[in-house]
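*Asks:* Please find one structure pasted underneath; my questions will follow.
In the working numbering, the protein residues as written are 61 to 211.
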């Protein structure tokens, strides 16, 4: 069992959508990544998102493929500039939860979990990418990542 962290999919510019919902490419990449994860039998028990339109849309796509029939839920205090320690200290690998959020929060959370500090950055997120974290007796580690682009 693991924890899965996702940066929302590519969004529209504010000039096209003041709420910056997902672009067509953002929807396509999120669906593609979710389908690949499903092909690897990734199982998610619950999906949380920040409440911003692009994160909620990303969470809905992931839920449709990875945990059909489950509700997604808004989670407080996971916006771009929020303190990662609150969530970091609550996460447990036995949850199989997915959290969909924003940068720099997601990168700082991975650093905090794996090193105990928010910096330096230990991983570069990609829009729609999934980072799987797990924990053993020595602490948190990155089990795998799944991203739309490998270059």
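From the three backbone atoms N, C-alpha and C, an ideal C-beta is built for every residue, glycine too.
1. Within the continuous beta strand (DSSP E) that includes residue 106, where are the two ends?
2. Tell me which same chain residues have a C-beta within less than 8 Å of the C-beta of residue 104, skipping the five on either side of it?
3. Here's the rule I'm using: 16 or more other beta-carbon atoms within 10 Å means buried, otherwise exposed. How should residue 209 be labelled?
4. May I ask you to report which of helix, strand or coil DSSP gives residue 27?
5. Report yes if the CB atom of residue 140 is closer than 9 Å to the CB atom of residue 100, and no otherwise.
6. Considering only DSSP beta bridges, list what residue 72 is partnered with.
7. Hey, quick one: how far does the alpha helix (DSSP H) through residue 170 stretch, first residue to last?
*Replies:* On the basis of the data shown:
1. 106 to 109
2. Result list for residue 104: 64, 122, 123, 126, 127, 130, 156, 157, 158, in chain order.
3. exposed
4. Since the displayed the chain opens at 61 and closes at 211, residue 27 lies outside it and no answer follows.
5. No.
6. Residue 72 pairs with nothing; no bridge assigned.
7. From DSSP, the alpha helix (DSSP H) with residue 170 extends over 165 to 175.
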